[in-house]
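One structure is given below, encoded as structure tokens.
Residue numbers (my numbering): 1301 to 2136.
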């Protein structure tokens, strides 16, 4: 399907549609002979939609004359099969099938439902109403009549779209499409309704009007991408109206005439001369005076009238004066000397005081004034003085005195204050620039020894810095998404878009994982898609992450952190190394994020919060965290311990033993092993290398890990060994089956027929065991054969003839076997537990 941009005219207010509805209600128009009488407008209310959808078995409700309608489950996706929509499959209608309390439900999304008064959404779902036209006409959505409508959805999680599907050319026209706080049609961000990031009610409550042909469909969608386990809703939708009004020869002229009046009303009368405005009014009069044989003719005439109006350019003197004033207002007066600015004002005055005999003279004079103003260059020396002073003040004002030693702060302050006091005394650009360079270099050469920031402020700072590094005296800082080392992700995916000033997203990841993004106070992560804070050291320093001070800081659970980890990586000389990994429990505390780390100049430290869950997880700890970097507290020993920096002899032994393992692996033939076991052998080598990263500190540790790894590799069976082990196991199963057969013959007396059945069960069991491809399959074959043997009826020897006990004996033996098995299983479980 093709998507087209939103039309300006289709979103106009409904004044014309209301006039049209009134005209139809009066019934004062007659139909043309070749057309049927004008159909009545129909009004449907959303409180009926759940009942009618359920009544229609979750398909179109078709019992209205002008349109069909139904409710479905989104999110809507133009490119997906069926547009990504799913039918409801449950209906909690009351026994009398009245409309009160009807509720549509879904087994696929148990938390989602649509009642006559409320729609409730679970994670990344939406409710979609579809209205399919049976006519050529107008479909209005009237939300203004819903006085008590309310909703509980955040800007960052709102799903809201409005589309029209045109049956004639099979295309969509999208008017609104809000995801992640931004309308993809207009590019505008959602307004903040209450200062807390919640959706403004007017976003969904705006009346809309659509021109439709038969088969066209209007789709209206509301939902939320809120995380799993949370619910959002919109309430009191029941009184919202859908009005379907047919257009034909009787009413099309009135409708389009009203629409044309609205379009002209949107123009500014003073922008046009009387002559030009008369042309516009003439277009309207000509349209209203016309007669149209069909609604299609009326629409074509309307389009032609709009094109003629658009061809009349604004041409009044007032219009051009306004444009000239706007041009001057866009300039910065301080960039110009007084005489130069007076010259610019003179161009404006001359134009305004001039008289012009024709429209052509007026336009020429305006263009001349514009060219003169734009050709007047700012006075470069004046501009340079202001620019250099601004740079000097910006750097100075961004510093914190307490982050410097008293002596260093005095040096920095003197460099700044001297420049401010003396810069106006320099008479040339060259002298001023040289003085600035000297003073700025002296000021910036003094480095702060401390730097701090709160995590709650970091997303906004990253956004304002174009998603790059934020420069700092001790370290530069930024944020990343994606995963630092996961093999299927591009490392260090940058945040490159923003739903709001303090909400960071990555549009590519958002398409696949809409729940993964970073708010100022809360981070959302998905499988192998985390949020990372990165530090790039400009000095040797310590980094302490702790709770910030503030009355609103209260430590506690950090969020839904089940199956999440906090990983810390350091990059030195281009080599990335994992130095810490902390598993997070379901309700990890904020303190789990606290820690002290050390960096040398040029190091990069990544602190990554990530999950391996298939659904979204989150943490609210960013609300309380603060980072402090201090260049006076670097600790060399702690740095070595943190990074697991090993002595040279240990590194040499690791290299030696890793080579030994690789050599041993090289002596093996891949074709001698199953694919699974060959991969296992390679994994053992990788596990040894990873273990050396974190688990060894001495040569003896390396040797112990090597011996453990080599033993594990040697224990991996070849295909031949596995086959021999399998044969030995299956032979044992056969012996166990034969032993049971012989025991039964010792205990019971069988008829010839029963003996033959017993022999047959034995032979079939032996064959099935020998044909088994695994020990598990062989054990299953043995169990089935034992059951078949015990099911053959016989008489116990020594208890008299005729006592048929086969079934009893089977029950006894099975019961005994179950007890024995229970004991063995219990022993195995206990052994496993004791060995853990």
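Even glycine gets a Cβ: it sits at the ideal position worked out from N, Cα and C. Here the structure is a predicted model, which means the values were calculated and not measured.
Query                                                                                                                                                                : Result
How about residue 2041 and residue 1965: do their beta carbons lie closer than 9 Å?                                                                                  : no
What are the start and end residues of each continuous beta strand (DSSP E) run of 3 or more residues lying completely inside the stretch 2036-2094, in chain order? : none
Would you tell me roughly how many angstroms separate the C-alpha atoms of residue 1412 and residue 1483, rounded to the nearest one?                                : 24 Å
Could you tell me whether the Cβ atoms of residue 1559 and residue 1429 are closer together than 9 Å?                                                                : no
Roughly how many angstroms separate the alpha carbons of residue 1584 and residue 1610, rounded to a whole number?                                                   : 12 Å
Could you please give me the residues that DSSP links to residue 1748 through a beta bridge?                                                                         : Partner(s): none; residue 1748 has no beta bridge.
If we ignore side chains and look at the alpha-carbon of each, how far apart do residue 1832 and residue 1777 end up?                                                : 11 Å
Rounded to a whole number of angstroms, what is the C-alpha to C-alpha distance between residue 2038 and residue 2023?                                               : 22 Å
How big is the Cα-Cα spacing for residue 1768 and residue 1923?                                                                                                      : 22 Å
Straight-line CA distance for residue 1686 to residue 1677?                                                                                                          : 16 Å
If contacts are defined as beta-carbon pairs under 8 Å, then residue 2150 and residue 1417 qualify, I think. What distance do you get, rounded to the angstrom?      : With the chain covering 1301 to 2136 only, the question about residue 2150 has no answer from this structure.
In the DSSP output, what is residue 1483 paired with across the bridge?                                                                                              : 1478
Looking at residue 1532 and residue 1403, is the spacing between their C-beta atoms short of 9 Å?                                                                    : no
So, under 8 Å CB-CB, residue 1897 and residue 1942 are touching, yes? Tell me the CB distance rounded to an integer number of Å.                                     : 6 Å
In three-state DSSP terms, what is residue 1441?                                                                                                                     : strand
Does the contact criterion of 3 or more C-beta pairs under 8 Å hold for the stretch 1690-1703 versus the stretch 1649-1665?                                          : no
Bridge partners of residue 1341, per DSSP?                                                                                                                           : DSSP lists no partner for residue 1341.
Could you tell me the boundaries of the beta strand (DSSP E) in which residue 1923 lies?                                                                             : It is not in any beta strand (DSSP E) - residue 1923 carries neither H nor E in the DSSP assignment.
Roughly how many whole angstroms lie between the Cα atoms of residue 2139 and residue 2073?                                                                          : In this structure the chain extends from 1301 to 2136, so residue 2139 is not present and cannot be described.
Could you check what DSSP says for residue 1836 in three-state terms: helix, strand or coil?                                                                         : strand
Roughly how many angstroms lie between the CA atoms of residue 1806 and residue 1783, to the nearest whole one?                                                      : 13 Å
Please report the distance separating the alpha-carbon of residue 1663 from that of residue 1586.                                                                    : 29 Å
Rounding to the nearest angstrom, what Cα-Cα distance links residue 1770 and residue 1761 in this structure?                                                         : 8 Å
For residue 1925 and residue 1751, I'd like the C-alpha separation in whole angstroms.                                                                               : 14 Å
Between which residues of its own chain and residue 1790 is the CB-CB distance below 7 Å, once the five residues before and five after are set aside?                : Low local confidence applies: a pLDDT of 47 at residue 1790 is under 50, so the model's placement there is unreliable, with the coordinate-based value given in what follows. Hits under 7 Å: 1782.
Would you be able to state if there are at least three C-beta pairs under 8 Å between the stretch 1565-1573 and the stretch 1542-1552?                               : no
Please classify residue 1389 as buried or exposed, where buried requires at least 16 neighbouring CB atoms within 10 angstroms.                                      : exposed
Report the three-state DSSP secondary structure of residue 1676 (helix, strand or coil).                                                                             : coil
For residue 1421, which beta-bridge partners are listed by DSSP?                                                                                                     : 1532
Which runs of the alpha helix (DSSP H) fall wholly inside the stretch 1563-1623 and span at least 4 residues, in chain order?                                        : 1574-1588 and 1595-1610
For residue 1909 and residue 1919, which I take to be in contact (beta-carbon distance under 8 Å), what is that distance rounded to the nearest angstrom?            : 6 Å
How many whole angstroms separate the CB atoms of residue 1427 and residue 1373, which I take to be in contact at a CB cut-off of 8 Å?                               : 7 Å
Within 8 Å, do at least three Cβ pairs link the stretch 1883-1894 to the stretch 1703-1715?                                                                          : no
Excluding the 5 residues flanking residue 2114 on each side, which residues of the same chain have their C-beta closer than 8 Å to its C-beta?                       : Low confidence applies here, because residue 2114 scores a pLDDT of 43, under 50, leaving its location unreliable; read the following figure in that light. Here the set comprises 2087 and 2090.
Would DSSP call residue 1436 helix, strand or coil?                                                                                                                  : coil
Under 6 Å Cβ to Cβ from residue 1984, same chain only, skipping five residues before and after it: list those, please.                                               : 2009, 2012 and 2013
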